[in-house]
Every structure is written in structure tokens, then in C-alpha cells.
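Once you know that position 125 of the sequence shown is 409 in our numbering, the rest is easy, because the numbers rise by one and skip nothing. Here the structure is laid out as C-alpha cells; the discussion comes afterwards.
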Amino acid sequence: MFRTLMNAKIHRARVTEANLNYVGSITIDADILDAVGMVPNEKVQIVNNNNGARFETYIIPGERGSGVFCLNGAAARLVQKGDIIIVISYAIVPEEKIAQHRPKIAIMDENNRIQQLIVEEPAHTVL
């Protein structure tokens with residue numbers, strides 16, 4: 285049996301741009317991608333904390349050190365500049381590997397810098 289588990293998460297990133305006239309995707313600072321192990325063209329789920337929208341797209345790497353989180357194409361209709369989002373990637377893990385699986389979670393600050401990198405979410409619901 286295989287299960288789909290969270291593999292990486294960027295928690296509380298701030299949208300820096302929404303570009304309706306692009307083909308599609310989310311552009312994310314390549315340094316942040318490296319820190320959590322996400323890769324270009326990877327499918328991700330986006331959760332908008334401001335309006336509750338949840339949607340899927342794929343990653344385009346952005347300029348290193350820029351802090352960019354730009355929603356492109358149709359996804360740009362689901363966010364506004366300044367919205368707080370969560371970006372989640374998933375992995376299909378065989379049952380026997382589940383106990384060893386450790387996702388990488390980046391807790392972001394208000395300037396899209398990694399404030400904390402963790403492998404397990406705390407038991408409480410508010411960070």
C-alpha cells in the first residue's frame with residue numbers, strides 16, 4: 285500500500301505579485317525551494333489564508349534571495365498581493381517507509397524569509 289503524505293510546506297508566505305497574463309504556475313524564490321526540497325515543475329497545492337481558496341499549480345523557480353511568491357495565469361484570480369498563503373507538496377510513500385518520512389516545513393516571516401525550518405508540526409493549531 286502507498287499513502288500520499290505531505291512532503292514539504294511553506295507556511296505563511298506573503299504573495300508578492302499576481303500576474304494574470306502569464307501562462308500559469310507559482311514563481312517561488314529558488315533559495316526557499318532548496319530549503320524545503322521542492323523542485324521546478326513540481327505540483328503543489330496553494331491555500332490562501334485570506335479568502336480560503338485552495339488550488340493546485342506547478343512551481344517555477346524565482347530569483348534567489350528575492351522572496352518572490354508570484355501567482356501566475358488563472359491562479360492570479362484567486363489571490364491578491366499581500367495575501368498569506370501556504371504552499372504544500374506531497375509524496376507517495378510506501379507503507380513501510382511512513383515511519384521514517386520527515387517533511388520539511390518552512391515557517392516564513394512577514395518578509396518571506398525562513399524564520400524556522402522544522403520537520404514536525406507542533407501539536408497546537410496556532411503558530
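All C-beta atoms in this analysis are idealised placements derived from N, C-alpha and C, irrespective of residue type, glycine included.
Handout entry: Alpha-carbon to alpha-carbon, residue 291 and residue 301
Key = Note on geometry: alpha-carbon atoms of residue 301 and residue 291 lie some 25 Å from one another.
Exercise for the section: Rounded to whole angstroms, what's the CA-CA distance from residue 401 to residue 389? Just pull it up for me. Expected result: Rounded to whole angstroms, residue 401 and residue 389 show a C-alpha spacing of 6 Å.
Problem - Continuous beta strand (DSSP E) assignments of at least 3 residues falling wholly in the region 340-382 - result: 353-356, 368-378
Handout entry: Where residue 356 falls, given that 16 or more other Cβ within 10 Å makes a residue buried
Key = So residue 356 counts as buried.
Practice task
Kindly give me the distance between the Cβ atoms of residue 369 and residue 363, rounded to whole angstroms, as I take these residues to be in contact under 8 Å.
Solution key: 7 Å
Handout entry: Residues of its chain near residue 398, where Cβ-Cβ distance is below 8 Å and the 5 sequence neighbours each way are ignored
Key = 316, 319, 390, 391, 392
Handout entry: Cβ distance (whole Å) where residue 332 is taken to contact residue 367 below 8 Å
Key = 6 Å
Practice task
Out of 386, 385, 384, 353, state which residue places its alpha-carbon closest to the alpha-carbon of residue 343.
Solution key: 353
Problem - Proximity below 7 Å, CB of residue 346 to CB of residue 312 - result: yes
Practice task
Please state whether DSSP places residue 390 in a helix, a strand or coil.
Solution key: strand
Problem - Spatial distance of residue 321 from residue 304 (CA atoms) - result: 27 Å
Practice task
Mind reading off the beta-carbon distance from residue 314 to residue 348? Whole number of angstroms is fine, and I expect it under 8 Å.
Solution key: 5 Å
Practice task
Would you list the one or two residues that DSSP bridges to residue 289?
Solution key: 375
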